[in-house]
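For what it's worth, this note's numbering labels the leading residue of the sequence shown as 2, then goes sequentially. The beta carbon of each residue, even a glycine, is placed where N, CA and C say it ideally should be. Remember, it's a predicted structure, so these values are computed and weren't measured experimentally.
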Amino acid sequence: MSKIIITGVAGLLGSRMAEWILANHPEYTIIGIDDLSGGYKDYVPAKVQFHQLDLSKDSIAPLFEGVSIVYHFAAYAAEGLSPFIRKYNYNSNLIATANVVNACIEHGIGRLVFTSSMAVYGHGQPPFKESDQPNPIDPYGVAKYACEMDIKIAAEQHGLEYCIIRPHNVYGHNQNIWDRYRNVLGIWMYQHINGLPFTIFGDGSQQRAFSCIDDCLLPLWKAGNDARAKNQIINMGSWKYWSIKDAAETLKRVIGNGEIKYEQARHEVKDALPSHELSVTLLDYEDNTSLEQGLTDMWHWAKQQPLRPQKSWDSYELEKGIYGFWKNK
Ligand SMILES: NC(=O)c1ccc[n+]([C@@H]2O[C@H](COP(=O)([O-])OP(=O)(O)OC[C@H]3O[C@@H](n4cnc5c(N)ncnc54)[C@H](O)[C@@H]3O)[C@@H](O)[C@H]2O)c1
């Protein structure tokens, strides 16, 4: 039986990709790796051979024997927090990826699919094209760009085949809604469930391309298999753009009520919008799910989740410059 490794299998992309492969390609055995630092074991399908391991320090190479595709999704994707947890960020993103790349080379795996981020573009000129010169503005984006370069070097020197995906604000059920530092739509759902207003940083005019995970699964599969995607870097995201304020208004409509509270602006990109031509021609991406429809499904799921405490860092690596809303009370 052919084998696929999914890292970050307890997270949004990992758990949903595992479900999708099991349903559509049951001929594959899935080996899942996750340290459960940001995902939940409940989301890992029972048929996945699960290994609770920290990619930044544990030995993983033996698991890669005989594997044809590796989906490397594991990361701590708290972009706005990354300047205050630099070392943790580089461990979770860059060092963990180096461990994965070593294991892929050692075992001659067929293709590595790596989820980079729109964060590599920084204050680019939207819509961001894959050929634009990356210019990240925070340690998370720097780590993702470094991973991309490392993978390209591994391809040149060791013949590692890859596909790098730059996702843009993917959301849907199985997203972590209990982390106050990331996933804005999930944060708002957590806030509403707990009787709090939706918080918006700045005036809410910043734009994002919210992309439903359901539309990403077939393209991600093709990223691992299709000849067109070999050694390519491809944006993945909706081509409908939303201001954060309009996205909050949409969620209010889906829920039936809700309040908005404006907070201090953060150091962040104003409009992070992808070009989508390559995702269409190389991965057959289709932007099928409207934000209203995707949020309706996610809200239905969120209401049925256990009341978990919200993740909060006890202390940051750097307190200097931390925003008021993240200061420990
Ligand atoms: N969701 C998005 O909008 C988005 C946008 C751009 C990029 N990405 C990238 O896509 C990937 C998947 O994102 P997601 O939304 O599914 O995130 P997620 O947090 O839901 O899943 C990531 C998983 O990785 C695990 N993990 C973190 N560090 C680990 C480590 N050191 N060892 C083992 N497991 C570890 C976490 O426990 C979690 O289950 C990430 O690399 C992220 O940077 C996501």
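query	result
Which runs of the alpha helix (DSSP H) fall wholly inside the segment 203–228 and span at least 4 residues, in chain order?	214–226
Do you know whose CA, among 223, 75, 204 and 210, lies nearest residue 239's CA?	210
Could you check what DSSP says for residue 132 in three-state terms: helix, strand or coil?	coil
In whole angstroms, give me the CA-to-CA distance for residue 34 and residue 175.	16 Å
Which residues in the same chain as residue 181 place their Cβ atom closer than 7 Å to its Cβ, once the five residues preceding and following it in sequence are excluded?	188, 311, 312 and 313
Might you give, ordered along the chain, the residues of its own chain that have their beta carbon closer than 7 Å to the beta carbon of residue 220, omitting 5 neighbours on each side?	237, 280, 284, 285 and 286
Would you kindly work out how many angstroms separate the C-alpha atoms of residue 171 and residue 177, rounded to a whole number?	12 Å
How is the beta strand (DSSP E) around residue 68 delimited, first residue to last?	68–73
Determine the DSSP secondary structure at residue 1, reduced to helix, strand or coil.	Residue coverage of the chain in this structure runs from 2 to 330, which leaves residue 1 outside it and unanswerable.
In whole angstroms, what is the alpha-carbon distance linking residue 251 and residue 155?	43 Å
As a quick exercise: from 186, 111 and 217, pick the residue whose alpha carbon is nearest that of residue 231.	111
How would you label residue 190, buried or exposed, when you count the other beta carbons within 10 angstroms and need 16 or more for buried?	buried
What residues are listed by DSSP as bridge partners for residue 164?	114 and 233
State the DSSP-derived secondary structure class of residue 35, mapped to helix, strand or coil.	strand
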